[in-house]
Amino acid sequence: MVDRQDLREQFTEAFEGADYPISSPMDLVPALPNGPGTKFESGEFSMTAMELNTKLGSGNFPYDNVDAFVDDIMDQLDDQDLL
């Protein structure tokens, strides 16, 4: 079972160092601890930042802060039944 709060915290920690506002996924890469290979895991959920980018599509850029970005990630993962 996926621990949604744990996953949200992982996303927040990984993406909070980006220079907001961000206008594309490429704006996030410098903030990631292991670049596109940064892995997010909780329960049966396991995905790298690169995989996440391919699953989420274009997103609703720009994002003004990390919370708005993470909210959208969680919503999109829910919509695709990946959580």
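Numbering that gives the first Met the number 0 puts the first residue of the sequence shown at 0, with every later residue one more than the last.
Yeah, the Cβ is synthetic: ideal placement off N, Cα and C, and Gly gets one too.
Worksheet item: Where does F44 sit, in a helix, a strand or coil, going by DSSP?
Response: strand
According to the Cβ coordinates, are S41 and V1 closer than 8 Å?
yes
| said: Measuring only the C-alpha atoms, how far is L94 from P29? | reply: Residue 94 cannot be examined here, being either before or after the span of the chain that is shown, 0 to 82.
TODO: Leaving aside the five residues before and after L31 along the sequence, list all residues of the same chain whose C-beta is less than 6 Å from its C-beta, in chain order.
DONE: A13, T37 and A48
Problem set entry | Range covered by the alpha helix (DSSP H) that runs through F68 | V65 to D78
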